[in-house]
Structures are given as structure tokens and as C-alpha cells.
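In this note's numbering, the protein residues as written are 3 to 223.
Written as C-alpha cells, this is what we have:
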């Protein structure tokens, strides 16, 4: 029998990339020139990275860095999946017949931490690590074509990736299995995309902010 589990909630897309430190400084220079408060300067920085692709590309070229947009940037880690929270709604069905909703305490949940130390050696000299991403509302659909005769929620095992090293609180679904068998994953309707605030980190894993770049700001064109 075909087992389908639909999970409704928030869907995160996360990419951990590297950017030249000088490129980041150029963007902050531009944003501080337009905005005299950290709040608005940080919003400007976010807007340049996510939306003002042409301007970001011109700034990147000054550092011989090729930039297209955040979805095309080389990623050392990338994931897209449903976010676990206490309000998560899971609905199971067998051959289209509903098995009812599954409470978040009724399935097995495992966390797999993404370690900054594992990614840091890949950072080029003069680069910093940047966590970029978006969040939508929608659903993720898990399928097992040759499923069981009866559904037991205790046999559903979901693995989530966590990002404590990156000061990012969401945990994102990375793997689903039923009774030890891998389930295929697909997304249903997604809407309401919002962009995550970029998170910046030095090679040793220290979080950076606007003020870490004030001593190295470069004039924008």
C-alpha cells in the first residue's frame, strides 16, 4: 500500500556560502552611506544580497569575485525542508484513505548538528562564511510506495539538521524513513516567501556584524 505523510508548516531553504570579506565591506559602506542607523544599514545589506543583483555583481567584480545571486552562489552546505515546531501538522494516508493526524510526540525525531568546524577548512583565505536563506509557508509530502498494511506512527522517523554553531534556531527536515525504509520527499504548494537575515561568521566561527567591518570599509562607486 502507498503510504503518504503530509507535513504542513514553515519551509526553510538555507545555503551556507563564503563571500570575500572586502565584498561584504563594500556593501556595508554603500548601506551606511544611505542609512545612518545600524537597523536600516543591515536591512539595506540584506536587500543588496538578495534583491539588487546587478549592483552586488558590480561590487563583487571589484574584488574579482563572480556573483550572480544567492541561489547560485557556491554552497558548502544547502538544504530545503520543513521546519520542526510544536504546531507541526502531520497527516498520514494509506492508498488515499486517511489515517488521521500525527502528534509531534508520536514519531521518532533525531537531530543532526551541522558543525561549523567541518565547513571552516573549505573557506578561502580572505573569505567569511554566510548563512543565507528563505522561509515559506507550505507542505512537504513524504511517500513510501510499498508501504505497510496498517500505519504505526511510532515507526515514522524524521531526521532534522540543527544549526547551533550558526546561531540559527530552526531545525530543518533532512531525512524521512518508515520502519527503517527511506521515504521520498517532495514539496506541495509553497507561498509567502520571506528572506532570512544573513548571518556572518569569521573563519574561527565567531559571529560578525556591521561594526566588525567599520575599520576596513571601502568606497562604493
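All C-beta atoms in this analysis are idealised placements derived from N, C-alpha and C, irrespective of residue type, glycine included.
Neighbourhood of residue i by C-beta distance below 7 Å, restricted to the same chain and skipping five residues each side
i	result
residue 126	20
residue 95	6 and 101
residue 196	136 and 137
residue 52	72 and 197
residue 67	22 and 25
residue 90	9, 11 and 106
8 Å Cβ cutoff, residue i in contact with chain D
i	result
residue 203	No chain D is part of this structure, which consists of one protein chain only.
C-beta contact flag for residue i and residue j at 8 Å
i	j	result
residue 174	residue 81	yes
residue 191	residue 112	no
residue 159	residue 108	no
residue 18	residue 131	yes
residue 14	residue 117	no
residue 104	residue 121	no
residue 3	residue 184	no
residue 1	residue 180	Here the chain comprises residues numbered 3 to 223, so residue 1 is not present and cannot be evaluated.
residue 48	residue 199	yes
residue 43	residue 50	no
Supposed contact pair residue j and residue i - C-beta distance, whole angstroms, cut 8 Å
i	j	result
residue 202	residue 170	Not a contact, Cβ separation roughly 12 Å.
residue 139	residue 24	Not quite, the Cβ-Cβ distance comes to about 37 Å (not below 8 Å), so this is no contact.
residue 176	residue 77	Not confirmed; about 15 Å, so no contact.
residue 212	residue 40	6 Å
Cβ-based neighbour list, residue i, same chain, cut-off 6 Å, excluding 5 preceding and 5 following
i	result
residue 188	143
residue 16	81 and 135
residue 75	19
Heavy atom of the ligand MG within 7 Å of residue i beta-carbon
i	result
residue 72	Absence of the ligand MG is noted for the structure shown, with no ligands found whatsoever.
Bridge-paired residues (DSSP) for residue i
i	result
residue 112	161
residue 138	13
residue 126	In DSSP, residue 126 forms no bridge with anything.
residue 149	DSSP, once it has assigned bridges, lists no residue as partnering residue 149.
residue 180	158 and 183
residue 95	6 and 100
Neighbourhood of residue i by C-beta, 8 Å cutoff - its chain only, sequence neighbours within 5 removed
i	result
residue 85	11, 12, 13, 14, 137, 172, 173, 174 and 175
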